[in-house]
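To keep things clear, I will list the structure first and then write my remarks on it.
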Amino acid sequence: MQPDSTLKVSGIWPDAETILVSLELFFRSGGPVLILLAFVGLALWMLLLERFWFRFAVFPSRLAACRRLESLKARRLQSCDLTLEIDFAFPLIKTLIAICPLLGLLGTVTGMIQLFDVMSAKGTANPRLMASGVAQATLPTMAGMTLAVTGLLCFTWLQRWGQLQRNHIRDLTTI
Amino acid sequence: MKFRHTLCSSLIMILLTTAQYTWADTTGTKSNTGPDSLRALLQEVRKQVTVDQQVEAARLQKFKDEHDLQAQKLAEAEARLKEAERRRNQLQAQFDANELKLSERQTTLDNRSGQLGEVFGVIKQQAEDFSGILQTSLISSQYPDRHEQLAFSNKDRIPTVSDLKNLWLLLQQEMTESAETAFFEASVANSSGQLQTKKVLRLGAFNVITANGEYLDYIPDQQQLQIYAKQPDTQFGNQAKSFYQGATDTLLIDPSRGGLLALLGQTPDIKERIQQGGTIGYIIMGLGALGFLFALLKLVSTIRVTLAVKRQLNSPDNISDRNPLGRVLLSAQTGKTESQEALENRVSEALLKEVPHIERGLTFIKLLAAVAPLLGLLGTVTGMIGTFQSITLFGTGDPKLMAGGISQALMTTVLGLSVAIPLLFGHSFIAAQARRLLQILQQKSLALTLPDTPVRELAHAA
Numbered sequence: 085m086q087p088d089s090t091l092k093v094s095g096i097w098p099d100a101e102t103i104l105v106s107l108e109l110f111f112r113s114g115g116p117v118l119i120l121l122a123f124v125g126l127a128l129w130m131l132l133l134e135r136f137w138f139r140f141a142v143f144p145s146r147l148a149a150c151r152r153l154e155s156l157k158a159r160r161l162q163s164c165d166l167t168l169e170i171d172f173a174f175p176l177i178k179t180l181i182a183i184c185p186l187l188g189l190l191g192t193v194t195g196m197i198q199l200f201d202v203m204s205a206k207g208t209a210n211p212r213l214m215a216s217g218v219a220q221a222t223l224p225t226m227a228g229m230t231l232a233v234t235g236l237l238c239f240t241w242l243q244r245w246g247q248l249q250r251n252h253i254r255d256l257t258t259i
Numbered sequence: 003m004k005f006r007h008t009l010c011s012s013l014i015m016i017l018l019t020t021a022q023y024t025w026a027d028t029t030g031t032k033s034n035t036g037p038d039s040l041r042a043l044l045q046e047v048r049k050q051v052t053v054d055q056q057v058e059a060a061r062l063q064k065f066k067d068e069h070d071l072q073a074q075k076l077a078e079a080e081a082r083l084k085e086a087e088r089r090r091n092q093l094q095a096q097f098d099a100n101e102l103k104l105s106e107r108q109t110t111l112d113n114r115s116g117q118l119g120e121v122f123g124v125i126k127q128q129a130e131d132f133s134g135i136l137q138t139s140l141i142s143s144q145y146p147d148r149h150e151q152l153a154f155s156n157k158d159r160i161p162t163v164s165d166l167k168n169l170w171l172l173l174q175q176e177m178t179e180s181a182e183t184a185f186f187e188a189s190v191a192n193s194s195g196q197l198q199t200k201k202v203l204r205l206g207a208f209n210v211i212t213a214n215g216e217y218l219d220y221i222p223d224q225q226q227l228q229i230y231a232k233q234p235d236t237q238f239g240n241q242a243k244s245f246y247q248g249a250t251d252t253l254l255i256d257p258s259r260g261g262l263l264a265l266l267g268q269t270p271d272i273k274e275r276i277q278q279g280g281t282i283g284y285i286i287m288g289l290g291a292l293g294f295l296f297a298l299l300k301l302v303s304t305i306r307v308t309l310a311v312k313r314q315l316n317s318p319d320n321i322s323d324r325n326p327l328g329r330v331l332l333s334a335q336t337g338k339t340e341s342q343e344a345l346e347n348r349v350s351e352a353l354l355k356e357v358p359h360i361e362r363g364l365t366f367i368k369l370l371a372a373v374a375p376l377l378g379l380l381g382t383v384t385g386m387i388g389t390f391q392s393i394t395l396f397g398t399g400d401p402k403l404m405a406g407g408i409s410q411a412l413m414t415t416v417l418g419l420s421v422a423i424p425l426l427f428g429h430s431f432i433a434a435q436a437r438r439l440l441q442i443l444q445q446k447s448l449a450l451t452l453p454d455t456p457v458r459e460l461a462h463a464a
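So the sequences go chain by chain: E and S.
Take 85 as the starting number for the first sequence in my numbering and just add one per residue.
Take 3 as the starting number for the second sequence in my numbering and just add one per residue.
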C-alpha cells in the first residue's frame, strides 16, 4: 500500500476522489484506533468551532443585552448564565485534548501487538510483513499528537478570552 | 563335604554287593541244575568273548566305511570349490571386460553428446525445480498429478524428446493459467475434514473461492482444497460471493498465494487476547467495570440534582427543601433583616454543606482512571520478566519465542488504556456538570436574595 502511487495531483489541490482514496488508505493502514481517534477529533473540532461561533456571533449581543438590564438582580442572574455559557464545553474540550495522545498511545500499543504477532508467526526475516504493524503503531500517535497540538492552540486562545470576559462580567455586576 | 563323599562311596559299595548277590543267585539257580556249573560258566564266558569280538569288528568296519565316505565327500566338495573359483574368475574377467566396455561407451557418449551434457543437466535441474513449484501451485488443484510427468529429472537417463516437450508444455500451461480465472470441479474438505465435490473458481495462481465466497487453501500433500478455518471479514466474503456470480469486478486477492490468509487463522481473536492479559488483565477489567458502574450512577444522580435545581429556578416562589438550591435559599430567607454581608456568609455556609454531597464519588472515579494504566504497566513489566526468563532459558536465537511473550505483555497496557480513557472522559464530564451546578447554586442563590432595585440607584446610594 503506497499512497503516493495513487495520488494524482493536478495543480495545487488534489481532486475529491484522490483525497477520498488517500483518506481510505490512511485509515486502513492506521487500524481501528485511528477511526476512534477520528471520532474524538471530530467531536473536539465541533466543540471548538461551536465555541468560536459563540465567541464571535452569540456572545457580543448577549453581553450588550446584559448591560442594558436595569435591575442588579436580573443582571446577576443573567451574568451567571453568561459565565456558565462561556465555560460550557471548556472542561470537555480539555479532556478531549488530553485523551488524544492517550488514544495515540493505545494505537501504538495495539500496533506493536500486531507487529509482535507477525514476528511470532513469521520471524523477523521479512520486514515487509512487519510494515503494516509499524504503520498501525505510528499513524495513530502522529494523528493524536496533531489533534492535541492544534486543539490546544485554539483552546488556549479561547480560554484566555473566556478569562477576560469573566472579569469583565464581574465588573458589570459589582458596584 | 567329606562326610557326603564317604556316604556316596558306601552307597555304591552296597549297590555293587547286592548286584553281585543277585547275579550269583541267577547263576546259582542255573548251576543248581548241573553238577559242572563252573565249566559251563567258562564256556559261556568264551562264547561271550567271541560274540564281543565279532561286534567290535563289525563296529570297526562300520567306522572305516564311514571314513571312506567322508573322504569321498570331501573330494567332491573340493571339486565343487574349484569349479566355483574357476567360475568366479571367469565372471570377474567378464565384469572387468564389461566395465571397460562401459567406460568406453561412456566416453563415446560424452564425446558424442559434447556440449549437450550440460544442456541435459540444466534441463534436469529446471525440471526438478519446476516439479517442486508444480506440487505447491494452486493450479495443480485443477490439473492434479502434473509433476509426475517430470519424474525423469530424478532418473539417470537422458531426457527423451517427449520429456522435453512435456516440460515445455507444462511451463507454458503454468504461465498461461496463472493469468486466468477458471471454474472447475474439485473435492473440497470443510472444517471438519469431510470431502465434498464442489464447483470452485480459481483466480490465477493466487486464490480459489467457492460459490459462497469462502477462500480455499491448497494442501499439496493430499492434493486437495480445504476451506480456511478463519475467513477474511464478511465484507470481503460477500465481495467474493458476488464476484463468483459475476456481479462485481472487485475482489480481495492474497498476493502471497495463501500465506496471509493462513496467517489470519493464527491471529488470536478478542477473547483469546483478553485471556492473554492474565490475572492483571482481569483485575483491570474488574476495576473498569466497577468504575463504569459508579460513573453511571454518579451521572444519573448529578442529572437528577441538576433537573431539580432547574425546576426550582423556574418557580422562585415555591421554595422546596428537596433540592440544594431550595435549601440554600431557605437558609437565606430565615433572617431577612440582616445586612448583605451576613446574608452572603450564611449563603456560603449553606453552600459548603451542599458541596460534599455534589462532589461525592468523583475522586473515586478519578482514582480508578489513574490506577488502570498503572496496573497495565505492572502487567507489561511482569510479562517482560516472563519474556526475559525465556531468554535466559532459550537464548535470543528464536525471535518467535520472545515476540509471543511481548505481545502478551503489551495486552495489559491496552486493557489499562482502554479502561482509563473512557473513565477519564466520564470523570471530566461529571466533574464539569458538578462544577456548573455549584456555580449556579453560588451565584443564583446570591442573586435571588437581592432586592429588585435598579443599578443606577444602587450606584447613586454608594
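Glycine residues also receive a C-beta, built at the ideal position from the N, C-alpha and C atoms.
Does DSSP put residue i in a helix, in a strand, or in coil?
| i | result |
| --- | --- |
| residue 182 (chain E) | helix |
| residue 31 (chain S) | Residue placement at residue 31 (chain S) is flagged as unreliable, the pLDDT there being 48, under the threshold of 50; a coordinate-derived value is accordingly withheld. |
| residue 80 (chain S) | helix |
| residue 214 (chain S) | coil |
| residue 145 (chain S) | coil |
| residue 7 (chain S) | helix |
| residue 209 (chain S) | strand |
| residue 180 (chain S) | coil |
| residue 303 (chain S) | helix |
| residue 251 (chain S) | coil |
| residue 131 (chain S) | helix |
| residue 97 (chain E) | coil |
Let me check understanding here. Comparing Cα to Cα, which of the options lies closest to residue i?
| i | options | result |
| --- | --- | --- |
| residue 127 (chain S) | S:297, S:264, S:330 and S:160 | S:160 |
| residue 143 (chain S) | S:203, S:233, S:194 and S:87 | S:203 |
| residue 257 (chain E) | E:176, E:221, E:165 and E:204 | E:165 |
| residue 424 (chain S) | E:230, E:121, E:213 and E:144 | E:121 |
| residue 261 (chain S) | S:274, S:276 and S:232 | S:232 |
| residue 195 (chain S) | S:149, S:214, S:175 and S:219 | S:219 |
| residue 186 (chain E) | S:445, S:422 and S:434 | S:422 |
| residue 232 (chain E) | E:242, E:140, E:152 and E:129 | E:129 |
| residue 335 (chain S) | S:79, S:210 and S:452 | S:452 |
In angstroms with no decimal places, state the Cα-to-Cα distance between residue i and residue j.
| i | j | result |
| --- | --- | --- |
| residue 443 (chain S) | residue 200 (chain E) | 54 Å |
| residue 91 (chain S) | residue 99 (chain S) | 12 Å |
| residue 118 (chain S) | residue 112 (chain S) | 9 Å |
| residue 137 (chain E) | residue 237 (chain S) | 41 Å |
| residue 320 (chain S) | residue 297 (chain S) | 32 Å |
| residue 87 (chain E) | residue 219 (chain E) | With a pLDDT of 46 at residue 87 (chain E), under the threshold of 50, the modelled position of that residue is not reliable, and the figure given next carries that caveat. Residue 87 (chain E) and residue 219 (chain E): Cα-Cα distance of roughly 12 Å. |
| residue 370 (chain S) | residue 448 (chain S) | 36 Å |
| residue 114 (chain E) | residue 221 (chain E) | 8 Å |
| residue 437 (chain S) | residue 327 (chain S) | 14 Å |
| residue 123 (chain S) | residue 178 (chain S) | 26 Å |
| residue 478 (chain S) | residue 222 (chain S) | Chain S is shown only over 3 to 464; residue 478 (chain S) falls outside these bounds and no answer can be derived. |
| residue 31 (chain S) | residue 62 (chain S) | With a pLDDT of only 48 at residue 31 (chain S), under 50, the local geometry of the prediction cannot be trusted, and the value read off the model is given with reservation. Spanning the two alpha carbons is a distance of roughly 37 Å. |
| residue 207 (chain S) | residue 181 (chain S) | 8 Å |
| residue 160 (chain E) | residue 316 (chain S) | 16 Å |
| residue 249 (chain E) | residue 148 (chain E) | 13 Å |
Go to residue i, then tell me how far its alpha helix (DSSP H) extends in each direction, as first and last residue.
| i | result |
| --- | --- |
| residue 253 (chain E) | 211 to 257 |
| residue 434 (chain S) | 401 to 451 |
| residue 105 (chain E) | 100 to 114 |
| residue 229 (chain S) | Unbroken run through residue 229 (chain S) is the beta strand (DSSP E), 226 to 229; no alpha helix (DSSP H). |
| residue 394 (chain S) | 364 to 396 |
| residue 141 (chain E) | Careful: residue 141 (chain E) lies outside any alpha helix (DSSP H) and carries neither H nor E. |
| residue 158 (chain E) | 156 to 171 |
| residue 347 (chain S) | 342 to 361 |
| residue 276 (chain S) | 272 to 278 |
| residue 261 (chain S) | 261 to 268 |
For residue i, go through chain E and note every residue whose CB falls closer than 9 Å to its CB, in chain order.
| i | result |
| --- | --- |
| residue 330 (chain S) | Neighbours of residue 330 (chain S) on chain E: none; closest Cβ ~14 Å, over 9 Å. |
| residue 416 (chain S) | 190, 193, 194 and 197 |
| residue 268 (chain S) | 201, 204 and 205 |
Cβ closer than 7 Å: which chain S residues qualify as neighbours of residue i?
| i | result |
| --- | --- |
| residue 183 (chain E) | 423, 426 and 427 |
Residues of chain E with CB closer than 8 Å to the CB of residue i, please, in chain order.
| i | result |
| --- | --- |
| residue 413 (chain S) | 197 |
Show which residues of chain E have a CB atom less than 7 Å away from the CB atom of residue i.
| i | result |
| --- | --- |
| residue 438 (chain S) | 168 |
What first and last residue would you give for the beta strand (DSSP E) that runs through residue i?
| i | result |
| --- | --- |
| residue 200 (chain S) | 197 to 205 |
| residue 189 (chain S) | 183 to 191 |
For residue i, go through chain S and note every residue whose CB falls closer than 8 Å to its CB, in chain order.
| i | result |
| --- | --- |
| residue 164 (chain E) | 441, 442, 445, 446 and 449 |
| residue 175 (chain E) | 430, 431, 433, 434 and 437 |
| residue 208 (chain E) | 401 |
Applying a beta-carbon distance threshold of less than 9 Å, which residues of chain S neighbour residue i?
| i | result |
| --- | --- |
| residue 203 (chain E) | 401, 402, 404, 405, 406, 408 and 409 |
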